[in-house]
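Heads up: the sequence shown begins at 1384 in the numbering used here, then just goes up one per residue.
Glycine included, every Cβ here is placed at the ideal spot set by N, Cα and C.
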Amino acid sequence: MKNIFIISALIILFAGCSVTKNDKIHHLTILHTNDHHGTILPIDSKGGLAQRATYINSIKATTKNILILDAGDINIGGVISNMFDAVPDIKAYNAMGYDAVTLGNHEFDGGHQKLLNQIKESKFKWLSANILDQNLTPIVNPYIIKDYDGFRVGILGLTTTYTKNSSLADPSLVFEDEIQSAKKYVKILKDTHKVDVIIALTHLGTIKESATYLTAIDLAKAVDQIDLIIDGHSHTKFQNPLYVGKTAIVSAYERGKFVGKAKIAISNNKLLDLKWSDHAITQDLAPDPVVSQILAPYIQKANASLKDIIFQTSDEFELKAKETRYQETAIGNFICDSIISYLKERNISVDFAMINGGSIRSGLPKGDITKEDILLTLPHQDSINVIKISGKTLIKLFEKIASLKQGNGEFMQVSSSLNYTVAYDKSQKGKLISLSINSSPVDPDRLYYLATNSYIATNQIFIDILGQLERYDTAMPLNQSIMDYALTLKTKVTPKLDGRIKIIKQ
(Lines of atoms letter the chains of each structure in order from A and count residues from 1; the text may use other names and numbers.)
(Lines give C-alpha, C1' and ligand atoms only; values in the text may rest on other atoms or scores of the structure.)
Protein backbone atom coordinates (compact mmCIF):
# COMPACT_ATOMS: atom_id res chain seq x y z
CA MET A 1 0.00 0.00 0.00
CA LYS A 2 2.87 2.35 0.82
CA ASN A 3 4.39 1.97 -2.66
CA ILE A 4 0.99 2.48 -4.31
CA PHE A 5 0.53 5.71 -2.37
CA ILE A 6 3.96 7.03 -3.44
CA ILE A 7 3.31 6.17 -7.12
CA SER A 8 -0.13 7.80 -7.00
CA ALA A 9 1.31 10.95 -5.42
CA LEU A 10 3.98 11.20 -8.12
CA ILE A 11 1.37 10.79 -10.87
CA ILE A 12 -0.68 13.63 -9.36
CA LEU A 13 2.43 15.81 -8.98
CA PHE A 14 3.62 15.41 -12.55
CA ALA A 15 0.10 15.69 -13.93
CA GLY A 16 -0.18 19.11 -12.31
CA CYS A 17 3.09 20.21 -13.94
CA SER A 18 2.67 18.45 -17.27
CA VAL A 19 3.14 20.15 -20.59
CA THR A 20 1.10 19.05 -23.58
CA LYS A 21 2.41 19.16 -27.12
CA ASN A 22 0.33 22.29 -27.75
CA ASP A 23 1.87 24.21 -24.84
CA LYS A 24 4.73 26.48 -25.82
CA ILE A 25 7.84 26.41 -23.65
CA HIS A 26 9.76 29.67 -23.29
CA HIS A 27 13.36 29.98 -22.13
CA LEU A 28 15.27 32.66 -20.23
CA THR A 29 18.97 32.78 -19.36
CA ILE A 30 19.94 34.77 -16.25
CA LEU A 31 23.55 35.78 -15.64
CA HIS A 32 24.29 37.07 -12.16
CA THR A 33 27.04 38.32 -9.88
CA ASN A 34 27.23 39.69 -6.35
CA ASP A 35 29.64 41.30 -3.89
CA HIS A 36 31.85 42.77 -6.61
CA HIS A 37 33.49 45.09 -4.05
CA GLY A 38 35.40 47.23 -6.50
CA THR A 39 37.39 44.36 -7.94
CA ILE A 40 38.28 45.98 -11.24
CA LEU A 41 41.39 43.90 -11.89
CA PRO A 42 41.90 40.13 -11.47
CA ILE A 43 42.99 38.78 -8.09
CA ASP A 44 45.38 35.83 -8.33
CA SER A 45 44.37 35.38 -11.97
CA LYS A 46 40.66 35.22 -11.09
CA GLY A 47 37.96 37.72 -11.99
CA GLY A 48 38.46 41.12 -13.57
CA LEU A 49 35.76 43.29 -15.14
CA ALA A 50 37.17 43.10 -18.67
CA GLN A 51 37.37 39.30 -18.45
CA ARG A 52 33.83 39.13 -17.05
CA ALA A 53 32.62 41.22 -19.97
CA THR A 54 34.13 38.74 -22.43
CA TYR A 55 32.21 35.87 -20.82
CA ILE A 56 28.93 37.80 -20.64
CA ASN A 57 29.24 38.95 -24.24
CA SER A 58 29.82 35.37 -25.39
CA ILE A 59 26.51 34.32 -23.81
CA LYS A 60 24.65 37.36 -25.13
CA ALA A 61 25.83 36.57 -28.67
CA THR A 62 24.16 33.15 -28.67
CA THR A 63 21.13 33.69 -26.42
CA LYS A 64 17.74 35.11 -27.36
CA ASN A 65 16.26 35.96 -23.95
CA ILE A 66 18.78 37.15 -21.38
CA LEU A 67 18.69 38.95 -18.03
CA ILE A 68 21.83 40.27 -16.29
CA LEU A 69 21.63 40.98 -12.56
CA ASP A 70 23.83 41.79 -9.58
CA ALA A 71 22.87 41.23 -5.94
CA GLY A 72 24.66 44.23 -4.48
CA ASP A 73 27.84 45.62 -2.93
CA ILE A 74 29.46 47.02 -6.04
CA ASN A 75 31.23 49.44 -3.68
CA ILE A 76 34.12 49.25 -1.22
CA GLY A 77 36.99 47.04 -2.25
CA GLY A 78 39.81 47.59 -4.71
CA VAL A 79 42.01 50.65 -4.45
CA ILE A 80 41.18 51.92 -7.96
CA SER A 81 37.44 51.63 -7.43
CA ASN A 82 37.64 53.34 -4.04
CA MET A 83 39.66 56.22 -5.48
CA PHE A 84 36.97 56.99 -8.07
CA ASP A 85 33.81 56.16 -6.07
CA ALA A 86 33.14 53.04 -8.20
CA VAL A 87 32.49 55.14 -11.32
CA PRO A 88 34.72 52.89 -13.50
CA ASP A 89 32.89 49.83 -12.17
CA ILE A 90 29.48 51.31 -12.99
CA LYS A 91 30.60 52.32 -16.48
CA ALA A 92 31.76 48.73 -17.06
CA TYR A 93 28.41 47.40 -15.80
CA ASN A 94 26.69 49.76 -18.24
CA ALA A 95 28.80 48.41 -21.09
CA MET A 96 28.06 44.80 -20.14
CA GLY A 97 24.33 45.51 -20.22
CA TYR A 98 23.32 44.82 -16.63
CA ASP A 99 19.57 45.16 -16.14
CA ALA A 100 19.44 45.69 -12.38
CA VAL A 101 21.57 45.82 -9.23
CA THR A 102 20.23 45.58 -5.69
CA LEU A 103 21.48 48.06 -3.12
CA GLY A 104 23.99 46.34 -0.84
CA ASN A 105 24.90 47.62 2.60
CA HIS A 106 28.23 48.98 1.33
CA GLU A 107 26.52 51.16 -1.24
CA PHE A 108 25.90 53.52 1.72
CA ASP A 109 29.47 53.76 3.03
CA GLY A 110 30.43 56.86 1.06
CA GLY A 111 27.47 58.99 2.04
CA HIS A 112 24.12 59.62 0.41
CA GLN A 113 25.39 62.06 -2.21
CA LYS A 114 27.89 59.51 -3.47
CA LEU A 115 25.05 57.02 -3.90
CA LEU A 116 22.94 59.58 -5.76
CA ASN A 117 25.86 60.26 -8.09
CA GLN A 118 26.24 56.55 -8.77
CA ILE A 119 22.55 56.14 -9.52
CA LYS A 120 22.78 59.01 -12.00
CA GLU A 121 25.80 57.37 -13.68
CA SER A 122 24.01 54.01 -14.01
CA LYS A 123 22.14 52.88 -17.10
CA PHE A 124 20.81 49.88 -15.16
CA LYS A 125 18.18 50.11 -12.42
CA TRP A 126 19.07 50.07 -8.73
CA LEU A 127 16.56 48.07 -6.69
CA SER A 128 15.46 47.87 -3.07
CA ALA A 129 11.88 47.57 -1.89
CA ASN A 130 12.58 47.95 1.82
CA ILE A 131 14.82 51.03 2.09
CA LEU A 132 12.56 54.05 2.43
CA ASP A 133 12.95 57.79 2.82
CA GLN A 134 11.27 59.84 5.54
CA ASN A 135 8.04 59.81 3.52
CA LEU A 136 8.16 55.99 3.53
CA THR A 137 8.81 55.91 -0.22
CA PRO A 138 11.46 53.49 -1.57
CA ILE A 139 14.62 55.45 -2.37
CA VAL A 140 15.11 53.42 -5.59
CA ASN A 141 12.87 51.16 -7.66
CA PRO A 142 11.37 48.40 -5.51
CA TYR A 143 11.14 46.18 -8.59
CA ILE A 144 11.35 46.11 -12.36
CA ILE A 145 9.32 44.15 -14.90
CA LYS A 146 10.87 42.59 -17.99
CA ASP A 147 8.63 41.54 -20.87
CA TYR A 148 9.74 38.82 -23.25
CA ASP A 149 7.94 37.14 -26.13
CA GLY A 150 5.33 35.01 -24.38
CA PHE A 151 6.14 35.66 -20.71
CA ARG A 152 6.73 38.38 -18.11
CA VAL A 153 9.29 38.43 -15.28
CA GLY A 154 9.23 40.54 -12.09
CA ILE A 155 12.53 41.28 -10.33
CA LEU A 156 12.18 42.44 -6.71
CA GLY A 157 15.07 44.00 -4.79
CA LEU A 158 15.63 43.53 -1.05
CA THR A 159 18.43 44.75 1.22
CA THR A 160 19.27 43.48 4.68
CA THR A 161 17.98 45.74 7.45
CA TYR A 162 21.32 45.04 9.14
CA THR A 163 22.63 47.78 6.82
CA LYS A 164 21.77 50.16 9.68
CA ASN A 165 24.51 48.48 11.74
CA SER A 166 27.02 47.53 9.05
CA SER A 167 27.38 50.67 6.96
CA LEU A 168 27.35 54.46 7.16
CA ALA A 169 23.73 54.71 6.00
CA ASP A 170 21.99 58.04 6.44
CA PRO A 171 20.14 57.92 9.81
CA SER A 172 17.01 59.39 8.19
CA LEU A 173 16.49 56.24 6.11
CA VAL A 174 13.82 53.74 7.16
CA PHE A 175 14.55 50.04 6.78
CA GLU A 176 11.37 48.02 6.47
CA ASP A 177 11.29 44.36 7.47
CA GLU A 178 12.47 42.29 4.50
CA ILE A 179 9.68 39.72 4.68
CA GLN A 180 6.96 42.35 5.15
CA SER A 181 8.21 44.21 2.06
CA ALA A 182 8.53 41.00 0.04
CA LYS A 183 4.96 39.93 0.76
CA LYS A 184 3.61 43.36 -0.20
CA TYR A 185 5.44 43.56 -3.53
CA VAL A 186 5.04 39.92 -4.49
CA LYS A 187 1.30 40.49 -4.28
CA ILE A 188 1.61 43.59 -6.49
CA LEU A 189 3.72 41.71 -9.03
CA LYS A 190 1.28 38.80 -9.14
CA ASP A 191 -2.08 40.58 -8.92
CA THR A 192 -1.42 43.90 -10.63
CA HIS A 193 1.34 43.15 -13.12
CA LYS A 194 0.45 39.49 -13.80
CA VAL A 195 4.05 38.35 -13.92
CA ASP A 196 4.75 34.71 -14.72
CA VAL A 197 8.02 34.42 -12.78
CA ILE A 198 9.21 36.28 -9.67
CA ILE A 199 12.93 36.71 -9.01
CA ALA A 200 14.05 38.20 -5.70
CA LEU A 201 17.40 39.93 -6.13
CA THR A 202 18.50 40.08 -2.52
CA HIS A 203 21.41 41.32 -0.45
CA LEU A 204 20.65 39.19 2.59
CA GLY A 205 23.07 36.27 2.64
CA THR A 206 22.62 32.80 4.06
CA ILE A 207 24.47 33.35 7.37
CA LYS A 208 22.71 34.71 10.45
CA GLU A 209 24.68 37.68 11.78
CA SER A 210 22.48 37.97 14.87
CA ALA A 211 19.58 36.14 16.51
CA THR A 212 17.05 38.32 14.66
CA TYR A 213 18.89 38.45 11.34
CA LEU A 214 16.77 37.47 8.31
CA THR A 215 18.57 35.45 5.65
CA ALA A 216 17.57 34.51 2.12
CA ILE A 217 16.57 31.14 3.55
CA ASP A 218 14.19 32.82 6.00
CA LEU A 219 12.74 34.82 3.11
CA ALA A 220 12.10 31.69 1.05
CA LYS A 221 10.38 30.00 3.99
CA ALA A 222 8.10 33.00 4.58
CA VAL A 223 7.23 33.94 0.98
CA ASP A 224 6.62 30.84 -1.09
CA GLN A 225 5.59 32.62 -4.31
CA ILE A 226 9.18 33.61 -5.12
CA ASP A 227 10.51 31.33 -7.84
CA LEU A 228 14.20 32.21 -7.64
CA ILE A 229 16.31 34.11 -5.11
CA ILE A 230 19.59 35.50 -6.44
CA ASP A 231 21.46 36.41 -3.31
CA GLY A 232 24.51 38.29 -2.07
CA HIS A 233 26.12 39.60 1.14
CA SER A 234 27.48 36.42 2.74
CA HIS A 235 29.88 35.68 -0.16
CA THR A 236 28.54 32.14 -0.27
CA LYS A 237 30.07 29.66 -2.72
CA PHE A 238 27.21 27.52 -4.06
CA GLN A 239 27.75 24.18 -5.77
CA ASN A 240 24.07 23.71 -6.56
CA PRO A 241 20.88 25.69 -5.95
CA LEU A 242 19.56 25.52 -2.40
CA TYR A 243 15.87 24.69 -2.47
CA VAL A 244 13.45 25.85 0.21
CA GLY A 245 10.17 24.36 -0.89
CA LYS A 246 9.87 25.29 -4.56
CA THR A 247 12.10 28.36 -4.24
CA ALA A 248 15.67 28.03 -5.53
CA ILE A 249 18.42 30.13 -3.89
CA VAL A 250 21.69 30.79 -5.74
CA SER A 251 24.71 33.03 -5.30
CA ALA A 252 27.94 33.54 -7.26
CA TYR A 253 30.56 33.76 -4.49
CA GLU A 254 32.41 37.10 -4.55
CA ARG A 255 34.49 39.74 -6.35
CA GLY A 256 33.60 38.62 -9.87
CA LYS A 257 35.51 35.35 -9.61
CA PHE A 258 32.42 33.56 -10.91
CA VAL A 259 29.32 34.41 -12.90
CA GLY A 260 26.19 32.44 -12.05
CA LYS A 261 24.10 31.17 -14.95
CA ALA A 262 20.47 30.11 -14.50
CA LYS A 263 18.49 28.72 -17.41
CA ILE A 264 14.76 28.58 -16.77
CA ALA A 265 11.88 27.18 -18.78
CA ILE A 266 8.41 28.75 -18.55
CA SER A 267 5.12 27.27 -19.69
CA ASN A 268 1.48 27.97 -18.87
CA ASN A 269 2.54 31.15 -17.01
CA LYS A 270 4.70 29.18 -14.56
CA LEU A 271 8.31 28.26 -14.07
CA LEU A 272 8.65 24.73 -15.39
CA ASP A 273 12.34 23.97 -14.94
CA LEU A 274 15.56 25.56 -13.65
CA LYS A 275 19.15 24.58 -14.32
CA TRP A 276 21.99 26.48 -12.65
CA SER A 277 25.77 26.50 -12.72
CA ASP A 278 28.57 28.92 -11.98
CA HIS A 279 31.36 29.79 -14.39
CA ALA A 280 34.86 30.74 -13.28
CA ILE A 281 36.25 33.96 -14.72
CA THR A 282 39.88 33.10 -15.43
CA GLN A 283 42.74 34.55 -17.42
CA ASP A 284 41.91 32.17 -20.25
CA LEU A 285 39.35 34.82 -21.15
CA ALA A 286 40.87 37.66 -23.16
CA PRO A 287 39.96 41.10 -21.75
CA ASP A 288 37.06 42.72 -23.56
CA PRO A 289 38.46 45.71 -25.53
CA VAL A 290 35.50 48.01 -24.85
CA VAL A 291 35.58 47.53 -21.08
CA SER A 292 39.39 47.63 -21.08
CA GLN A 293 39.26 51.02 -22.78
CA ILE A 294 36.75 52.28 -20.20
CA LEU A 295 38.97 51.20 -17.31
CA ALA A 296 42.36 52.22 -18.73
CA PRO A 297 42.39 55.94 -17.74
CA TYR A 298 41.32 55.13 -14.17
CA ILE A 299 44.03 52.48 -13.84
CA GLN A 300 46.64 54.91 -15.17
CA LYS A 301 45.59 57.66 -12.75
CA ALA A 302 45.63 55.20 -9.85
CA ASN A 303 49.11 53.97 -10.73
CA ALA A 304 50.37 57.55 -10.91
CA SER A 305 49.03 58.18 -7.39
CA LEU A 306 51.12 55.40 -5.87
CA LYS A 307 53.82 57.98 -5.09
CA ASP A 308 51.39 60.09 -3.02
CA ILE A 309 52.64 60.52 0.55
CA ILE A 310 50.25 59.06 3.17
CA PHE A 311 52.09 59.69 6.45
CA GLN A 312 55.57 59.84 7.97
CA THR A 313 57.61 57.64 10.28
CA SER A 314 60.23 58.78 12.78
CA ASP A 315 62.29 55.64 12.22
CA GLU A 316 62.34 52.52 10.06
CA PHE A 317 59.88 49.69 10.70
CA GLU A 318 62.37 46.91 10.15
CA LEU A 319 61.35 43.47 8.99
CA LYS A 320 64.12 40.88 8.73
CA ALA A 321 64.00 37.15 8.10
CA LYS A 322 60.19 36.94 8.19
CA GLU A 323 60.07 38.05 11.84
CA THR A 324 56.28 38.51 11.71
CA ARG A 325 56.01 34.70 11.66
CA TYR A 326 58.04 34.28 14.88
CA GLN A 327 57.55 37.18 17.29
CA GLU A 328 56.03 40.55 18.05
CA THR A 329 57.02 43.18 15.48
CA ALA A 330 56.59 46.93 15.25
CA ILE A 331 55.01 46.68 11.81
CA GLY A 332 52.51 44.06 13.06
CA ASN A 333 51.67 46.26 16.04
CA PHE A 334 51.11 49.29 13.82
CA ILE A 335 48.82 47.43 11.41
CA CYS A 336 46.69 45.76 14.11
CA ASP A 337 46.37 48.95 16.16
CA SER A 338 45.42 50.82 12.98
CA ILE A 339 42.63 48.31 12.30
CA ILE A 340 41.16 49.05 15.75
CA SER A 341 41.30 52.81 15.18
CA TYR A 342 39.91 52.58 11.66
CA LEU A 343 36.91 50.53 12.79
CA LYS A 344 36.30 52.76 15.79
CA GLU A 345 36.04 55.80 13.49
CA ARG A 346 33.24 53.91 11.70
CA ASN A 347 31.42 53.02 14.93
CA ILE A 348 32.47 49.37 14.80
CA SER A 349 33.71 48.25 18.21
CA VAL A 350 35.90 45.17 18.59
CA ASP A 351 37.90 43.77 21.50
CA PHE A 352 41.09 43.16 19.54
CA ALA A 353 42.54 42.74 16.07
CA MET A 354 44.84 40.10 14.68
CA ILE A 355 46.35 39.24 11.31
CA ASN A 356 48.65 36.46 10.26
CA GLY A 357 52.32 37.37 10.06
CA GLY A 358 52.58 35.80 6.63
CA SER A 359 50.35 38.50 5.15
CA ILE A 360 52.91 41.21 6.05
CA ARG A 361 55.52 41.22 3.31
CA SER A 362 57.80 44.14 4.18
CA GLY A 363 58.52 46.82 6.74
CA LEU A 364 58.32 50.57 6.19
CA PRO A 365 61.19 53.02 5.59
CA LYS A 366 62.01 56.03 7.72
CA GLY A 367 60.42 59.27 6.56
CA ASP A 368 57.74 59.68 3.89
CA ILE A 369 55.42 56.67 3.42
CA THR A 370 53.61 56.38 0.11
CA LYS A 371 50.66 54.31 -1.10
CA GLU A 372 53.16 52.10 -2.87
CA ASP A 373 54.94 51.41 0.45
CA ILE A 374 51.68 50.29 2.07
CA LEU A 375 50.77 48.08 -0.89
CA LEU A 376 54.22 46.46 -0.77
CA THR A 377 53.73 45.78 2.94
CA LEU A 378 50.17 44.47 2.49
CA PRO A 379 49.95 43.29 -1.15
CA HIS A 380 47.00 40.92 -0.76
CA GLN A 381 43.36 41.83 -1.47
CA ASP A 382 42.22 40.94 2.05
CA SER A 383 39.20 42.58 3.63
CA ILE A 384 38.57 43.18 7.33
CA ASN A 385 36.22 40.65 8.94
CA VAL A 386 34.55 40.96 12.34
CA ILE A 387 33.88 37.70 14.17
CA LYS A 388 31.77 37.06 17.28
CA ILE A 389 33.51 34.47 19.45
CA SER A 390 33.09 33.07 22.95
CA GLY A 391 36.00 33.17 25.36
CA LYS A 392 36.08 29.38 25.39
CA THR A 393 36.40 29.24 21.61
CA LEU A 394 38.91 32.10 21.60
CA ILE A 395 41.17 30.11 23.92
CA LYS A 396 40.78 27.12 21.61
CA LEU A 397 41.72 29.31 18.63
CA PHE A 398 44.93 30.56 20.25
CA GLU A 399 45.82 27.06 21.41
CA LYS A 400 45.62 26.08 17.74
CA ILE A 401 47.73 29.09 16.73
CA ALA A 402 50.34 28.24 19.37
CA SER A 403 50.48 24.59 18.28
CA LEU A 404 51.66 25.49 14.78
CA LYS A 405 55.34 24.99 14.12
CA GLN A 406 57.36 28.14 14.71
CA GLY A 407 57.75 30.18 11.55
CA ASN A 408 54.30 29.31 10.23
CA GLY A 409 52.63 32.11 8.24
CA GLU A 410 49.56 31.81 10.48
CA PHE A 411 51.44 33.08 13.56
CA MET A 412 49.39 36.06 14.77
CA GLN A 413 50.35 39.69 15.09
CA VAL A 414 47.85 41.37 17.45
CA SER A 415 46.60 44.75 18.67
CA SER A 416 47.66 46.25 22.00
CA SER A 417 44.54 45.10 23.88
CA LEU A 418 45.54 41.44 23.57
CA ASN A 419 48.52 39.70 25.16
CA TYR A 420 49.56 36.11 24.66
CA THR A 421 52.50 33.91 25.60
CA VAL A 422 53.68 30.81 23.74
CA ALA A 423 56.33 28.33 24.86
CA TYR A 424 58.16 26.41 22.11
CA ASP A 425 59.95 23.12 22.65
CA LYS A 426 63.06 21.93 20.81
CA SER A 427 60.93 20.67 17.90
CA GLN A 428 59.54 24.22 17.51
CA LYS A 429 56.04 23.10 18.48
CA GLY A 430 54.31 25.57 20.76
CA LYS A 431 51.94 25.60 23.71
CA LEU A 432 49.74 28.48 24.81
CA ILE A 433 50.76 29.65 28.28
CA SER A 434 48.56 32.72 28.76
CA LEU A 435 45.95 34.77 26.93
CA SER A 436 44.47 38.05 28.15
CA ILE A 437 42.45 40.98 26.84
CA ASN A 438 42.81 44.42 28.45
CA SER A 439 45.07 42.89 31.11
CA SER A 440 42.42 40.34 32.22
CA PRO A 441 42.51 36.61 31.43
CA VAL A 442 40.06 35.66 28.70
CA ASP A 443 36.73 34.73 30.29
CA PRO A 444 35.47 31.42 28.81
CA ASP A 445 31.84 32.49 29.37
CA ARG A 446 32.08 35.95 27.80
CA LEU A 447 31.49 36.92 24.16
CA TYR A 448 34.23 38.83 22.34
CA TYR A 449 34.52 40.53 18.96
CA LEU A 450 37.69 40.15 16.96
CA ALA A 451 38.75 41.82 13.74
CA THR A 452 40.94 39.93 11.32
CA ASN A 453 41.71 39.67 7.64
CA SER A 454 39.51 37.61 5.30
CA TYR A 455 42.38 35.19 4.69
CA ILE A 456 42.32 34.08 8.32
CA ALA A 457 38.53 34.23 8.63
CA THR A 458 38.23 31.61 5.87
CA ASN A 459 41.53 29.76 6.42
CA GLN A 460 41.35 25.96 6.24
CA ILE A 461 43.68 25.65 9.25
CA PHE A 462 41.08 27.36 11.44
CA ILE A 463 37.89 26.48 9.57
CA ASP A 464 36.80 23.97 12.23
CA ILE A 465 36.84 26.85 14.74
CA LEU A 466 36.04 30.05 12.84
CA GLY A 467 33.78 28.41 10.26
CA GLN A 468 31.10 27.84 12.88
CA LEU A 469 30.95 31.44 14.13
CA GLU A 470 28.96 34.53 13.22
CA ARG A 471 31.13 36.49 10.81
CA TYR A 472 30.68 39.83 9.08
CA ASP A 473 32.85 40.70 6.10
CA THR A 474 33.09 44.51 6.16
CA ALA A 475 34.51 44.39 2.60
CA MET A 476 36.89 47.14 3.71
CA PRO A 477 40.25 46.27 2.09
CA LEU A 478 42.91 45.88 4.75
CA ASN A 479 45.57 47.82 2.85
CA GLN A 480 43.16 50.63 1.92
CA SER A 481 41.90 50.80 5.52
CA ILE A 482 45.44 51.28 6.81
CA MET A 483 45.97 54.05 4.25
CA ASP A 484 42.69 55.74 5.17
CA TYR A 485 43.56 55.66 8.85
CA ALA A 486 47.14 56.82 8.27
CA LEU A 487 45.88 59.89 6.39
CA THR A 488 44.32 61.09 9.68
CA LEU A 489 47.62 60.97 11.59
CA LYS A 490 49.02 64.39 12.49
CA THR A 491 52.39 63.30 13.87
CA LYS A 492 55.13 60.94 12.79
CA VAL A 493 54.61 57.29 13.66
CA THR A 494 57.28 55.66 15.83
CA PRO A 495 57.98 51.91 15.76
CA LYS A 496 57.23 50.32 19.12
CA LEU A 497 57.32 46.99 20.89
CA ASP A 498 55.40 46.66 24.17
CA GLY A 499 55.52 42.96 25.03
CA ARG A 500 52.03 42.03 23.79
CA ILE A 501 53.49 38.77 22.45
CA LYS A 502 55.94 36.79 24.58
CA ILE A 503 57.90 33.82 23.28
CA ILE A 504 59.51 31.29 25.63
CA LYS A 505 62.10 28.82 24.33
CA GLN A 506 62.20 25.60 26.37
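{"Check": "Nonlocal neighbours in the same chain, by C-beta distance under 8 Å from Thr1665, ignoring five residues either side", "Outcome": "Ser1428, Lys1429, Gln1434"}
{"Check": "Local Cβ density within 10 Å of Thr1575, reported as buried at 16 or more and exposed below that", "Outcome": "exposed"}
{"Check": "Length of the line joining the Cα atoms of Tyr1626 and Trp1659", "Outcome": "12 Å"}
{"Check": "Beta-carbon gap between His1420 and Ser1464 smaller than 9 Å", "Outcome": "yes"}
{"Check": "9 Å Cβ cutoff met for Ala1599 and Glu1559", "Outcome": "no"}
{"Check": "Short CB-CB distance (under 9 Å) between Ile1522 and chain B", "Outcome": "As a matter of chain content, chain B is missing from the structure shown, which is built from one protein chain."}
{"Check": "Test item: CB-CB of Ile1527 and Asp1482 under 9 Å", "Outcome": "yes"}
{"Check": "Every unbroken beta strand (DSSP E) within the region 1679 to 1717, with a cutoff of 3 residues, ordered by chain", "Outcome": "1692 to 1696"}
{"Check": "Contacts around Leu1880, its chain only, beta-carbon distance under 8 Å, and the 5 residues preceding and following it disregarded", "Outcome": "Glu1711, Thr1712, Ala1713, Asn1716"}
{"Check": "Residues sharing a beta bridge with Ser1786, DSSP", "Outcome": "For Ser1786, which the question treats as bridged, DSSP gives no partner whatsoever."}
{"Check": "Burial state of Leu1863 (16 or more Cβ within 10 Å)", "Outcome": "The sequence shown places Gln at residue 1863, not Leu. Flag for Gln1863 reads buried."}
{"Check": "Exposure label - Gly1882; buried when at least 16 CB within 10 Å", "Outcome": "exposed"}
{"Check": "First and last residue of the uninterrupted beta strand (DSSP E) at Ala1483", "Outcome": "1483 to 1485"}
{"Check": "Opposing strand residues paired with Pro1860 [DSSP bridges]", "Outcome": "Ser1766"}
{"Check": "Ile1846 (DSSP reduced to helix, strand or coil)", "Outcome": "helix"}
{"Check": "Terminal residues of the beta strand (DSSP E) in which Leu1452 lies", "Outcome": "1449 to 1453"}
{"Check": "Opening and closing residue of the beta strand (DSSP E) in which Arg1535 lies", "Outcome": "1534 to 1542"}
{"Check": "Which of helix, strand or coil DSSP assigns to Glu1759", "Outcome": "Residue identity check: residue 1759 is Leu in the sequence provided, not Glu. Helix, per DSSP."}
{"Check": "Per-residue DSSP class, three states only, for Asp1720", "Outcome": "helix"}
{"Check": "Reference Ser1798; option with closest CA among Lys1566, Tyr1807, Lys1567, Leu1818", "Outcome": "Leu1818"}
{"Check": "Ile1581 (DSSP reduced to helix, strand or coil)", "Outcome": "strand"}
{"Check": "8 Å contact criterion, which Ala1645 and Thr1437 should meet: CB distance rounded", "Outcome": "Between Thr1437 and Ala1645 the Cβ distance is about 20 Å, and since that is not below 8 Å, they are no contact."}
{"Check": "Under the three-state DSSP convention, the category Ala1594 falls into", "Outcome": "coil"}
{"Check": "Sufficient close CB pairs (3 or more, under 8 Å) joining the region 1830 to 1850 to the region 1803 to 1812", "Outcome": "no"}
{"Check": "Pick from Ile1571, Ala1469, Ser1800, Gln1889 that is closest to Leu1678, judged by C-alpha positions", "Outcome": "Ala1469"}
{"Check": "Touch test, the region 1584 to 1591 against the region 1600 to 1616, Cβ-Cβ under 8 Å, three pairs minimum", "Outcome": "yes"}
{"Check": "Check whether Asp1418 and Ala1454 have beta carbons under 9 Å apart", "Outcome": "yes"}
{"Check": "Same chain only: Cβ atoms within 6 Å of Lys1620, ignoring 5 sequence neighbours per side", "Outcome": "Tyr1636"}
{"Check": "Cβ shell of Lys1604 (< 7 Å), same chain only, five flanking positions each side left out", "Outcome": "Val1627"}
{"Check": "Bridge partner(s) assigned by DSSP for Val1557", "Outcome": "Leu1515"}
{"Check": "Proximity below 9 Å, CB of Asp1610 to CB of Ile1582", "Outcome": "yes"}
{"Check": "Inter-residue Cα distance where the pair is Met1479 and Phe1641", "Outcome": "15 Å"}
{"Check": "Which residues DSSP lists as bridging Val1876, in chain order", "Outcome": "Thr1696"}
{"Check": "Extent of the continuous alpha helix (DSSP H) run through Leu1602", "Outcome": "1599 to 1605"}
{"Check": "Unbroken alpha helix (DSSP H) run spanning Ser1810, endpoints", "Outcome": "Unbroken run through Ser1810: none, as it is neither H nor E."}
{"Check": "Beta-carbon proximity of Thr1753 to Ile1692, cut-off 9 Å", "Outcome": "yes"}
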